[in-house]
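Using this note's numbering, the letters of the sequence shown correspond one by one to residues 442 to 827. A quick write-up on the structure given underneath.
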Amino acid sequence: MSVPPEASTPSPESAPAPIPPPAVPQPIQQSQPILPPQRIATVQEVFDRYLSKFDRRPRTEQAWRRHMEMFLELSGLTWVAHIHTVNDAHVEDFILALRKLPARRQGANFRTLTLAQMIDKFGASADVPKLDQRSINVKIDALRAVFYYAQRHKYRLDNPFVGKVSKRATKRVKPKPRLPFDADELASIFGNEMFQMPPHQWEGKHWLTVIALYAGARMEEIGQLRVIDYRMRDGITYFAITAMESDDRDDSPKKSLKTVGSEREIPVHPVLIQLGLTRHVQRMKAIGESRMFPDIRANGEEITTAYSKWFGRFLTKLGITSPQKVFHSFRHTFKDACRNCGVPREVAEVLMGHAGRTVGDSYGTGYSLAVLAFEVRKISFGTRFE
């Protein structure tokens, strides 16, 4: 009997290769398109509008122009580039280049070189001091302000300089910070005989002092207020803090703000309305005054120069002599009151005109006037006016 042959087992070598799964087509990677903003303008146009809107001293203007020229050169852009095409990569390249740039660029070794050539020649040399972080931050801060203006006025959808300030700046000895006024000092200031007269008899120095406490604004921001800066919308009375010229009927210095982020709307605290500020503004308007406090006259570059000196003497008279207690202490007092009264930090920053430095702060249009007014009504200082 024949034995059937055993079924042969195929060797691994002769086994057919597994059939691979069908290839899934991969999407083609494309860079995200740059979405145009509502308004189109070149870097030159926006930069010039920014400088004309915020009246800065000639030296400051020249420095900011140098910062922008340096950014354009090192990022490969030009003044005629549309400002909405500037992106994060341009900013990152700029910062990397700055870290290789010699700190001192005068002399025969540098006279004929472009910035890029200086970096190529000296960037890797440990013998040539480079820009320190503080100098880099100064340039970034200036450019951030320009692009914040561009974003605010709808030339851009975002601000590529937000979040780009380094924390690695060389430490320096800082001056002692200003301190807030305490409750006793506030009682001395507003319990003084000058505040005993009826508010309808108050002068500009009375109003400046009390507004500083209840609005948290800077001295010059209050002193330069005009009648048309006292406004109402949706039943809410507010100060329009702006650098725009409102009137040219007097010879006062042009209005100016510390930064573009300082432009804002501050709801008027109920205490100020109760004291009669609205009636005061209406009275100024009725007699043809363009400014809210026309008796605060310029004595130097700024409207409030004379008032500032008076306030310093006033504090000394009250026995408040610490160099850390000055007019600016009202802003610190306001900030503390916001914390103690439950006002969110972000709202306090908006009320005080602090431009955001985080990426999230560069999105959206901010808080509504109604939200700001709701939070302002929480603020209390326990003064005799409340």
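Just so it is clear, CB atoms sit at the ideal spot from N, CA and C, and this is done for glycine as well. In this text the structure is predicted, and so the values were computed from the model without any measurement.
Neighbourhood of R619 by C-beta, 7 Å cutoff - its chain only, sequence neighbours within 5 removed | Locating residue 619 in the sequence shown gives position 178, where the first residue counts as 1. Excluding residues within five positions, the ones whose Cβ falls inside 7 Å are Q765, V767, H769, S770 and H773.
Going by the beta-carbon positions, is the gap between E706 and F734 smaller than 9 Å?
-> Residue numbering aside, residue 706 sits at position 265 when the sequence shown is read from its first letter. Residue numbering aside, residue 734 sits at position 293 when the sequence shown is read from its first letter. Not in contact: E706 and F734 (Cβ atoms no closer than 9 Å).
Alpha-carbon spacing of E827 relative to R506, whole angstroms = Walking along the sequence shown from the start, residue 827 turns up at place 386. Walking along the sequence shown from the start, residue 506 turns up at place 65. Their Cα atoms are separated by approximately 48 Å.
Terminal residues of the continuous beta strand (DSSP E) containing F680?
-> Here residue 680 refers to the residue found at position 239 of the sequence shown. Here the beta strand (DSSP E) through F680 covers I677 to I682.
Do S576 and A544 come within 9 Å of each other at the CB atom, strictly closer than that value?
-> Residue numbering aside, residue 544 sits at position 103 when the sequence shown is read from its first letter. Residue numbering aside, residue 576 sits at position 135 when the sequence shown is read from its first letter. Yes, Cβ-Cβ distance for A544 and S576 is below 9 Å.
Cα separation between T762 and I652?
-> Looking up residue 762 in the sequence shown gives position 321. Looking up residue 652 in the sequence shown gives position 211. So the two alpha carbons sit approximately 22 Å from each other.
Return the CA-CA distance between G717 and I630, expressed in angstroms with no decimal places.
-> In the sequence shown, counting from the first residue as 1, residue 717 sits at position 276. In the sequence shown, counting from the first residue as 1, residue 630 sits at position 189. Looking at the two C-alpha atoms, the distance is approximately 19 Å.
How would you write the range of the beta strand (DSSP E) that R490 sits in, first residue to last?
-> Counting from 1 along the sequence shown, the entry for residue 490 is found at position 49. Here R490 belongs to no beta strand (DSSP E); instead the alpha helix (DSSP H) covers V484 to K494.
In the region 556 to 621, which residue ranges form an unbroken alpha helix (DSSP H) of at least 4 residues, counting only runs that do not cross its ends?
-> 556 to 563 and 574 to 593
Using the C-alpha atoms, what's the distance from F775 back to M635?
-> Position 194 of the sequence shown, counting from 1, holds the residue named residue 635. Position 334 of the sequence shown, counting from 1, holds the residue named residue 775. If you take the alpha carbons of M635 and F775, they lie about 22 Å apart.
Where DSSP assigns a beta bridge to H523, which residues make up the other side?
-> Walking along the sequence shown from the start, residue 523 turns up at place 82. T483.
Would R540 pass as a contact of K571 if the rule is Cβ separation under 9 Å?
-> As a first step, residue 540 must be located in the sequence shown, where it is residue number 99. As a first step, residue 571 must be located in the sequence shown, where it is residue number 130. Contact: yes.
Below 8 Å, can you find three or more Cβ-Cβ pairs linking the region 527 to 541 to the region 590 to 607?
-> yes
Buried versus exposed, by CB contacts within 10 Å (16 or more), E644 = The residue labelled residue 644 in the question sits at position 203 within the sequence shown. Label assigned to E644: exposed.
For I707, write down the residues that DSSP places opposite it in a beta bridge.
-> The residue given as residue 707 occupies position 266 in the sequence shown. BP columns for I707 point to F680.
In terms of alpha-carbon separation, which member of Y596, V603 and H721 lies closest to L584?
-> Reading the sequence shown from its first residue, position 143 is the one you call residue 584. Cα-wise, what sits closest to L584 is V603.
Top-ranked residue by Cα proximity to I820, from G794, P785 and S809 = Working through the sequence shown from its first residue, we reach residue 820 at position 379. Looking at the Cα atoms, P785 is the closest of the given residues.
Candidates W648, E486, T553 and G664, of which the one nearest R720 by Cα | Here residue 720 corresponds to residue number 279 of the sequence shown, with the count starting at 1. Closest option to R720, Cα to Cα, is W648.
Looking at T745 and I682, is the spacing between their C-beta atoms short of 9 Å?
-> Taking the sequence shown and counting its residues from 1, one reaches residue 682 at position 241. Taking the sequence shown and counting its residues from 1, one reaches residue 745 at position 304. No; because the gap between Cβ atoms is not below 9 Å, this pair is not in contact.
Beta-carbon contacts of D736 that lie in its chain and below 7 Å, excluding the five residues immediately before and after | In the sequence shown, the residue the question calls residue 736 occupies position 295. E644 and G645.
Between which two residues does the alpha helix (DSSP H) harbouring R772 extend?
-> Here residue 772 refers to the residue found at position 331 when the sequence shown is read from its first residue. S770 to N781 is the extent of the alpha helix (DSSP H) around R772.
Contacting residues, own chain, Cβ-Cβ under 8 Å from G517 (five flanking each side not counted) | As a position in the sequence shown, residue 517 is number 76, starting the count at 1. Closer than 8 Å at the Cβ level, and outside the excluded window around G517, lie H531 and D534.
Integer Cβ distance of P640 from V817, believed to fall under 8 Å = The residue labelled residue 640 in the question sits at position 199 within the sequence shown. The residue labelled residue 817 in the question sits at position 376 within the sequence shown. That pair is no contact at about 20 Å.
Classify M673 as helix, strand or coil using the three-state DSSP reduction.
-> Stepping through the sequence shown from its first residue, residue 673 is reached at position 232. Of the three classes helix, strand and coil, the one that applies to M673 here is strand, per DSSP.
How many angstroms separate the CA atom of K617 from the CA atom of E790?
-> Within the sequence shown, numbered from 1, the residue matching residue 617 stands at position 176. Within the sequence shown, numbered from 1, the residue matching residue 790 stands at position 349. Near 22 Å, if we compare the C-alpha coordinates of E790 and K617.
Looking at C-alpha atoms only, which residue of L759, Q503 and V668 is the closest neighbour of A727?
-> Residue 727 sits at position 286 when you count from the first residue of the sequence shown. It is V668.
Would you tell me roughly how many angstroms separate the C-alpha atoms of A549 and F488, rounded to the nearest one?
-> Position 108 of the sequence shown, counted from the start, is the residue given in the question as residue 549. Position 47 of the sequence shown, counted from the start, is the residue given in the question as residue 488. A549 and F488: Cα-Cα distance of roughly 32 Å.
Alpha-carbon spacing of H710 relative to Q558, whole angstroms = What you label residue 710 is simply residue 269 of the sequence shown in a count that begins at 1. What you label residue 558 is simply residue 117 of the sequence shown in a count that begins at 1. Approximately 57 Å, taken between the alpha carbons.
Whole-angstrom distance between M725 and R546, CA atom to CA atom = Along the sequence shown, read from residue 1 onward, the residue named residue 546 stands at position 105. Along the sequence shown, read from residue 1 onward, the residue named residue 725 stands at position 284. Between R546 and M725, the C-alpha separation is close to 55 Å.
Just how far apart, CA to CA, sit A586 and M638?
-> For this step, residue 586 is matched to residue 145 along the sequence shown. For this step, residue 638 is matched to residue 197 along the sequence shown. One C-alpha to the other measures close to 43 Å.
L713: which of T678, E730, A739 and R738 sits nearest, CA to CA?
-> In the sequence shown, counting from the first residue as 1, residue 713 sits at position 272. For the residues T678, E730, A739 and R738, the minimum Cα distance to L713 belongs to T678.
Sub-9 Å separation of V484 and M511 beta-carbons = In the sequence shown, the residue the question calls residue 484 occupies position 43. In the sequence shown, the residue the question calls residue 511 occupies position 70. It is not a contact, given that the beta carbons lie outside the stated cut-off.
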